[in-house]
């Protein structure tokens, strides 16, 4: 293993932070956007999510479910029409939502992001090496020489060949660009790394390489990793815990083992049913019919009710409460009885075989 | 070398364009009604023999095609631009050489000031797009952009020369004025309003173009990355947005470098500024073919060269063009 630029870096917490507090903890976060016609759209509706050092948490959901809005809220980079209405985001006890939050201090130095689509996320007219060195120089206050040297190490570490150090983004392949983006993200040795669909545009082989690299960096740096993706297979491979998001809410969360072996929420079941699984010898995939709802005109009750084969009158009227029935294992569904610490049991016993859509 | 072949191709294209312009220049002025000898003919006492002698001397007795054309192209290629009809038979190169300095002075300074101010205004309004400062700045830029030079020039004369009396109304120097440093100050006082006119006329163009490319860049992914990096606004604008957003503005500035020499024509007329513009106007009135051909050739060559410069600059500044990337 090479000498990573930040491995020997002694982490100094920002003022007001508390090493004993959880690394990153999001609670009751609600984010809304004002549309041009004046209506408000609630993109994230009261979610809880946390990540510990060296832990990988997957946030899964269809496009438009609010995954990327969560990233914007954490970084304090919501679009101008976006607003955090309620909830907390705490980094080591530091409130990142409050007015005057120390975002200038926490961005990149504590929490960094690997954005999707490195062709647009990297500046086309700046050499990748300089893009890695920039934050080291400007955020960590290192001299230009030290920053360049560190950038060289980091790029080497993520697997950019020596002769490509002075390349511009367009001169790199898609996989190399994503590696370079990862080096940019790691430049200030953050404690939390958010991967926002980091492998979406890549072919499967390159995707596997990038994920492996991401995993190695997580272990090497002790990163808390939040992996945002619509690809459940990626989460199964990479993550310890998973949260399934639908229309701005987390409908089910828990350990990857628990959720993937015994999905309870009908939406989770549908998502898993829609993923091809060669090992199971299943030749057909079940497709969830319908579309994610229009977030600016949500019906009352469970957001998934209109597409849910199990929905009854109550589902269409009442929001299902999110119940934490075991340590950090949650479910939000009316169709389960959740009693005193026992695992949730379906109300209609025996639980019906789900026929979600045809084909 | 791909780059060298590209450069040779560009140069070849530029030379071919100039040759075409040479032909066009010749045809264009001979299509105009009138002829240089008519200028002489206005004098009623000129004898028919003298007229004929003048026609022979200027080569006007020969057919336009092919004799005059061959004579013109051949001489031009040898660097002989002929003699002015109006300026007492002086060499065209010497007349143009005398007038090019004053034009370069006002056009050069005007363009530099416009570029600096336009970039500052465009970057500022683009960064604050949609806000009050942007609305006011953009409105101002649009007003300046849409004003013709001669109108701007007349407004400035009315305000600063006639009403306030701070600056001279026209000309390049006070007749019989002092020399040395005081003479230089006198020249600058005369040049101030023409320079201001050209600068004001160009600012709007640069500001509006840059504003739109800055505003567009703000939505780019790399700006989000720069923000997430925790960089300061000023750094994001200078270090990330401007290197991208300035590309079209730099190209426009290079192109303008070719056009403004011709574009300063109305400014020079308004301010009686003795440069190429005024010379062109006088030459047009007296059908001074050699001068017109010389000036137009110069303008065409400068436009072609400016295009070449813009191409080269763009490829220097944008690594994607430099490396021949498809994008």
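Chains as they are written, first to last, in my numbering: chain D, 134 to 492; chain Y, 2 to 328.
Glycine included, each C-beta is placed from N, C-alpha and C at the ideal position.
Because the structure is a prediction, the values reported are computed rather than measured.
Asked, Found
"Within the continuous beta strand (DSSP E) that includes residue 231 of chain D, where are the two ends?", "First-last for residue 231 of chain D: undefined, no H or E at that position."
"Tell me which residues share the same chain as residue 204 of chain D and place their Cβ nearer than 7 angstroms to its Cβ, disregarding the 5 neighbours each side in the sequence.", "246, 327, 329, 361"
"If you measure between the beta carbons of residue 110 of chain Y and residue 158 of chain Y, is that distance less than 8 angstroms?", "no"
"Going along chain D in order, which residues have a C-beta closer than 7 angstroms to the C-beta of residue 228 of chain Y?", "210"
"Among the candidates D:457, D:479, D:429, D:424, whose CA atom is the shortest distance from the CA of residue 170 of chain D?", "D:429"
"Could you give the uninterrupted runs of the alpha helix (DSSP H) lying entirely in the stretch 235 to 322 of chain D, keeping only those of 4 residues or more?", "236 to 239, 251 to 254, 261 to 273, 277 to 290, 307 to 319"
"For chain Y, check one thing: does any of its Cβ atoms lie closer than 8 angstroms to the Cβ of residue 259 of chain D?", "yes"
"Whole angstroms are fine: how far does the CA of residue 479 of chain D sit from the CA of residue 470 of chain D?", "6 angstroms"
"Any C-beta of chain Y sitting closer than 8 angstroms to the C-beta of residue 271 of chain D?", "yes"
"Go to residue 157 of chain D, then tell me how far its beta strand (DSSP E) extends in each direction, as first and last residue.", "157 to 167"
"With which residues is residue 479 of chain D paired in a DSSP beta bridge?", "D:469"
"Whose Cβ in chain D lies nearer than 9 angstroms to the Cβ of residue 319 of chain Y?", "257, 258"
"State buried or exposed for residue 483 of chain D, treating a residue as buried only when at least 16 other CB atoms are found within 10 Å of its CB.", "The pLDDT assigned to residue 483 of chain D is 41, lower than 50, so where the model puts this residue is not dependable; a value taken from the coordinates is nonetheless given after this. Classification for residue 483 of chain D: exposed."
"Tell me which residue opens and which closes the beta strand (DSSP E) that residue 218 of chain D is part of.", "215 to 224"
"Measure the Cβ-Cβ separation of residue 73 of chain Y and residue 27 of chain Y and say whether it is below 8 angstroms.", "yes"
"Between the stretch 218 to 247 of chain Y and chain D, which residues of the former have a C-beta closer than 7 angstroms to a C-beta of the latter?", "221, 222, 223, 225, 226, 228, 229, 230, 231, 232, 236, 241, 244, 245"
"By Cβ distance below 6 angstroms, which residues in the same chain neighbour residue 221 of chain Y in space, the five residues on each side in sequence not counted?", "none"
"Which residues, in chain order, does the stretch 230 to 264 of chain D contribute to contact with chain Y at a C-beta distance below 9 angstroms?", "236, 237, 238, 239, 240, 241, 242, 244, 245, 246, 248, 249, 250, 251, 252, 253, 254, 255, 256, 257, 258, 259, 260, 264"
"Does DSSP put residue 98 of chain Y in a helix, a strand or coil?", "helix"
"Could you check where the alpha helix (DSSP H) with residue 54 of chain Y kicks off and where it finishes?", "49 to 59"
"Report the residue ranges of all alpha helix (DSSP H) runs contained in full by the stretch 240 to 290 of chain Y; include only those spanning at least 4 residues, in chain order.", "243 to 264, 266 to 271, 277 to 286"
"Considering only DSSP beta bridges, list what residue 173 of chain D is partnered with.", "D:167"
"Counting Cβ pairs, one atom from each stretch, are 3 or more of them under 8 angstroms apart for the stretch 265 to 283 of chain D and the stretch 346 to 365 of chain D?", "no"
"Return yes when the Cβ of residue 320 of chain D is within less than 8 angstroms of the Cβ of residue 287 of chain D, no when it is not.", "yes"
"Run through DSSP, which three-state label would residue 33 of chain Y get?", "coil"
"Just reading off the alpha helix (DSSP H) that residue 463 of chain D is part of, what are its end residues?", "It is not in any alpha helix (DSSP H) - residue 463 of chain D instead sits in the beta strand (DSSP E) that spans 462 to 464."
"Relative to the alpha-carbon of residue 210 of chain Y, which residue among Y:289, Y:120, Y:112, Y:199 has its alpha-carbon at the smallest distance?", "Y:120"
"Can you tell me the Cα-Cα spacing of residue 12 of chain Y and residue 140 of chain Y, whole angstroms?", "40 angstroms"
"Please confirm if residue 301 of chain D has its CB atom under 8 angstroms from at least one CB of chain C.", "Of the chains in the structure shown, none is chain C; the protein chains are D and Y."
"Measuring CA to CA, which of Y:101, Y:314, Y:189 is closest to residue 279 of chain Y?", "Y:101"
"Using 8 angstroms as the threshold, is the C-beta distance between residue 174 of chain Y and residue 272 of chain Y below it?", "no"
"Using the DSSP secondary-structure output, state which residues sit across from residue 376 of chain D in a beta bridge.", "D:192, D:386"
"Does the separation of the CB atoms of residue 255 of chain D and residue 261 of chain D fall below 8 angstroms?", "yes"
"For the alpha helix (DSSP H) that contains residue 206 of chain D, what are its first and last residues?", "200 to 208"
"Is the Cβ of residue 148 of chain D closer than 8 angstroms to any Cβ of chain Y?", "no"
"Name, please, each residue of chain Y whose Cβ falls closer than 9 angstroms to the Cβ of residue 268 of chain D.", "230, 231, 232"
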